[in-house]
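For the protein sequence lines, the chains are F and A, in the order given. For the first sequence, my numbering assigns the number 1 to the initial residue and increments by one for each residue that follows. For the second sequence, my numbering assigns the number 1001 to the initial residue and increments by one for each residue that follows. In this text, a Cβ means the ideal position worked out from N, Cα and C, and glycines have one as well.
Protein chains: 2
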Amino acid sequence: MSTGRERGGYAKGRERRDAILAAANEVFAKRGFRGASLATIAKQVGLTEPGLLHHFASKEELLLELLELRDQHDDERIAQARAAHTTLHDLLVELCRQNADRPGIVRLFTILAAESVDEDHPAHDWFFDRYTLRRRQVAAGVAAEQDDGRIDPTLDADAIASQILAMFDGLQIQWLLDPRSVDMVAVFEAFLERLRRRR
Amino acid sequence: MSTGRERGGYAKGRERRDAILAAANEVFAKRGFRGASLATIAKQVGLTEPGLLHHFASKEELLLELLELRDQHDDERIAQARAAHTTLHDLLVELCRQNADRPGIVRLFTILAAESVDEDHPAHDWFFDRYTLRRRQVAAGVAAEQDDGRIDPTLDADAIASQILAMFDGLQIQWLLDPRSVDMVAVFEAFLERLRRRR
DNA sequence: TCGAATACCTAGCGGGTACTAGGTTTCCGA
DNA sequence: TCGGAAACCTAGTACCCGCTAGGTATTCGA
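Below you can see the structure in the form of structure tokens.
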């Protein structure tokens, strides 16, 4: 029920919270949750470690709020893209294109998703739920395209949804390791293109 | 030029080294390189931390030897599978099937690959080289299949190679997070099947 | 069987970790 | 403007980190 903002506080505090979240995004993206330290994040926004902990009770709470914020941003981003693009194909390509301009966020997700495979990881449940949801959303989109005759109707929508997410994640790893090795957007689009073709 | 075994040593020592590498595999797979501690690994094989460091000079050296060993194993595994399966399709499905029975190793690679995106990570170069090599190998295999008429010759072999590796990695993440959500082998095979079909 | 190499231990170093206690300064609404 | 809340600091806790120094016990080839 809480929005994470019911703390109120002064304007200065709210700005700091945002700055801390931005710094945490960077540091977690570079070193993962376990490899990152609160001291590093604190220093990046000109605070001491206890200064940071005044705004977020613990390292784990910081991560969880970061993910919650990201959920909101992503939902908005997807809603906007959905409004601007009529087909699933165009929508997915647009999201991929956006990611190609935000390596920081792509890194954050790539490393956190891998870390979170461990059930003890604080973001495990979040990623579990996220993948479950996204698979359902994409599968629904695929099914709709099949009804409209834009995707081969003999394909299994759930399997295709898993494949689309897998291709998204997998290409990101290669792209992050060596951006020049893979034209992420083009290769992803070529993959989607093959779904469109009929036998 | 070194094989990592020129140290010689007694039989007991060689057994311990193997046991340490096996334990490191487990612990790194669960917590990543940065999240893992030498003490945990040492305890798992009944050693103290300095006892472990008698066999491996540093945590980083332990990781690097683990990866070197894995390279050897994988090359053997691929060579065997290549001998037993005539087509690229069958070969890849067989490797995927084997991975479905070794979640520990899949976890190790998933988390280390994500961590190693950071250039400061000790395994960065290893993963960079590994992906470069695998892409080249798979692209060559795809090109051969195109010559034989088993894959649509209008497709770009390099792009397809990236897609195959991406699908491999991406499905593994979903499968590790929730094995029941994805039939990894079946979904991967369905993906490959679509390459075979002509327009 | 003897002795040098190996295996492994205890003790400790320097530094980092998340987090707490308790205080001072700054902010801002009543 | 005044007073309580919020922002933030210094100091400190208890513990973990990779790694080293220096010793003893074990192994196994000559």
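Remark: C-beta atoms of LEU38 of chain F and GLU49 of chain F approach each other more closely than 7 Å. LYS1030 of chain A has a beta carbon lying within less than 7 Å of a beta carbon in chain F. By the Cβ rule, the region 112-122 of chain F does not count as touching the region 1007-1017 of chain A, because fewer than three pairs are nearer than 8 Å. For ASP18 of chain F, the closest alpha carbon among the candidates F:ALA36, F:ILE78 and F:ARG70 is that of F:ARG70. Those residues of the region 108-125 of chain F placed with their C-beta closer than 7 Å to a C-beta in chain A are THR110, ILE111, ALA113, ALA114, GLU115, VAL117 and ASP118, ordered along the chain.
At a cut-off of 3 residues, not a single continuous stretch assigned as beta strand (DSSP E) sits fully inside the region 92-122 of chain F.
If you ignore the 5 residues before and after GLN1174 of chain A, its C-beta comes within less than 7 Å of the C-beta of SER1181 and VAL1182, all in its own chain and listed in chain order. In the DSSP annotation of this structure, the continuous segment of the alpha helix (DSSP H) that includes HIS124 of chain F starts and ends at 124-147.
Look at LEU1064 of chain A here: in three-state DSSP terms it is helix. Counting C-beta atoms within 10 angstroms of its own C-beta, ALA159 of chain F has 16 or more neighbours from the protein chains shown and is therefore classed as buried. For PHE1056 of chain A, there is no enclosing alpha helix (DSSP H), since its DSSP letter is neither H nor E. When Cβ-Cβ separations below 7 Å define contact, VAL1185 of chain A makes no contact with chain F. In this structure, GLN146 of chain F sits away from PHE1191 of chain A, with a CB-CB distance that is not shorter than 7 Å. When the Cα atoms are used, LEU176 of chain F and ARG107 of chain F turn out to be separated by approximately 7 Å. Comparing C-alpha distances from GLN44 of chain F to each of F:SER58, F:GLY35 and F:ALA24 shows the shortest one belongs to F:ALA24. LEU91 of chain F sits close to ALA81 of chain F, with the two beta carbons spaced by under 7 Å.
Considering only beta carbons, the part of the region 1132-1146 of chain A lying closer than 9 Å to chain F consists of THR1132 and ARG1135, in chain order. Residue environment analysis places PRO1122 of chain A among the buried positions, since at least 16 neighbouring C-beta atoms fall within 10 angstroms of its C-beta. Counting C-beta pairs with one atom in each stretch, the region 136-153 of chain F and the region 55-74 of chain F have fewer than three that are closer than 8 Å, which means they do not touch. Against chain F, the CB of LEU1066 of chain A has no partner CB under 7 Å away; the residue lies outside that interface.
Between VAL1182 of chain A and chain F, the shortest Cβ-Cβ separation is below 7 Å. In the DSSP annotation of this structure, the continuous segment of the alpha helix (DSSP H) that includes VAL27 of chain F starts and ends at 11-35.
Within the region 1149-1177 of chain A, the alpha helix (DSSP H) runs of at least 4 residues that lie entirely inside it are, in chain order, 1157-1177. Per DSSP, THR40 of chain F is one residue of the alpha helix (DSSP H) stretching across 38-44. A direct Cα-Cα distance of roughly 9 Å separates ALA42 of chain F from LEU53 of chain F. Note on GLN72 of chain F: under 16 other CB atoms within 10 angstroms of its CB, so exposed under the neighbour-count rule.
Membership of LEU1192 of chain A in the alpha helix (DSSP H) is indicated by the continuous run 1184-1196.
A Cβ of chain A is located within less than 7 Å of the beta carbon of ALA190 of chain F. What GLN1163 of chain A touches in chain F, judged by beta-carbon distance under 7 Å, is MET167, VAL187 and PHE191, going in chain order.
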